[in-house]
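Visitor:
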């Protein structure tokens, strides 16, 4: 693969995209993943267990967060590792949406300090608060 | 009831083999707003050297869920599902998953820790082909909130 990262330096942001999450996304993800925990679609259950309301599945946020990176890479097959820590809930209102801004920054480049291309992801809610920590994608060029 | 620290010694049976279907990959890609065409378009995937469409990186959670169900159902685990929060998640790949793969997942608990009244259960689900080739290991930490 010709170097996708040609002209790119450590520290550069390579993608940034904002997604509007609605309850429909949560229902769709519940069906696709098989995670039918009611805290992801019932406000009464969410509140009973001490949450402020219905929240997105952490795994939905993890799945969306890498989407712009997949488009940028053009081939997910070279992804060796993807990891995140879930630090804050993403509340999704019954009416309207929650905005999530997902960006990726280069932390290592192949041939420089590492054999891998490493990206650090940042996912930010409308409040400006980040909802993932230690979100890292390691790409090993084929 | 605290989480049973002896979970690390439990040997779990592999879950029934999972056949990765093309439509399931498409459904999962749509649900996670993944738009790169190699996850939905067979011709694009083949042009990039794959035998069929490629599963998005977080797809193994579908299979991992089946192994975590074993953990939650284990008698005496001490894990109350209503108090479980997902702490962290990792996928470590030997190769990508493509439609048509048949995978076997085996769970093991690697660590049980207590921290400030909460318990943290770290487990991994190793996924291989029927012939034993490693494809991906999905690891997660579940935080079980204490009765504070």
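Chains as they are written, first to last, in our numbering: chain A, 450 to 591; chain B, 373 to 520.
We treat Cβ as the ideally placed atom computed from N, Cα and C, and that holds for glycine.
If you're wondering where the values come from, they're calculated on a predicted model, not measured in any experiment.
1. Once the 5 residues before and after residue 533/B are set aside, which same chain residues still bring their CB inside 6 Å of it?
2. Can residue 568/A and residue 555/A be called in contact, C-beta distance under 8 Å?
3. Starting from the C-beta of residue 502/A, find all residues in its chain whose C-beta is less than 6 Å away, skip the five residues before and the five after it, and write them out in chain order.
4. So, helix, strand or coil for residue 520/B, using DSSP?
5. Compile a chain-ordered list of the residues in the region 462-476 of chain B whose CB is closer than 7 Å to at least one CB of chain A.
6. Could you work out which residues of chain B lie near residue 507/A, taking near to mean beta carbons separated by less than 8 Å?
7. Under 8 Å, with one C-beta from each stretch per pair, do the region 463-483 of chain B and the region 505-514 of chain B reach the 3-pair mark?
8. Kindly indicate if chain A contains any beta-carbon less than 8 Å away from that of residue 520/B.
9. Residue 502/B to residue 578/A, Cα distance in whole Å?
10. Looking at the structure shown, is residue 471/B part of a helix, part of a strand, or coil, going by DSSP?
11. Which residues in chain A sit within 9 Å of residue 410/B, going by Cβ to Cβ distance?
12. Does the distance from the C-beta atom of residue 537/A to that of residue 580/A stay below 8 Å?
13. Under 8 Å Cβ-Cβ, which residues of chain A neighbour residue 403/B?
14. Which residues of chain B have a Cβ atom closer than 9 Å to the Cβ of residue 531/A, listed in chain order?
15. So what does DSSP say about residue 538/A, is it helix, strand or coil?
16. Along chain B, in chain order, which residues have C-beta atoms closer than 8 Å to that of residue 541/A?
Guide: Well, looking at it:
1. Because residue 533/B is not part of the residues shown, which for chain B are 373 to 520, the question remains open.
2. yes
3. 492, 495, 540
4. Unreliable positioning characterises residue 520/B in this predicted model, as indicated by a pLDDT of 49, which lies under 50. A coordinate reading is not provided.
5. Residues of the region 462-476 of chain B whose Cβ lies closer than 7 Å to any Cβ of chain A, in chain order: 462, 463, 464, 465, 468.
6. By Cβ distance, chain B contributes 458, 461.
7. yes
8. Since pLDDT at residue 520/B reaches only 49, below the 50 mark, its modelled position is unreliable, and the value read off the structure follows with that caveat. For residue 520/B, the answer is no, since every Cβ of chain A falls outside 8 Å of its Cβ.
9. About 44 Å.
10. Here residue 471/B sits in coil by DSSP.
11. 519, 523, 524, 525, 526
12. yes
13. 474, 477, 478, 480, 481, 482, 509, 512
14. Simply 429, 430, 461, 462, 463, 464, 465.
15. coil
16. Chain B residues near residue 541/A: none, gap ~14 Å exceeds 8 Å.
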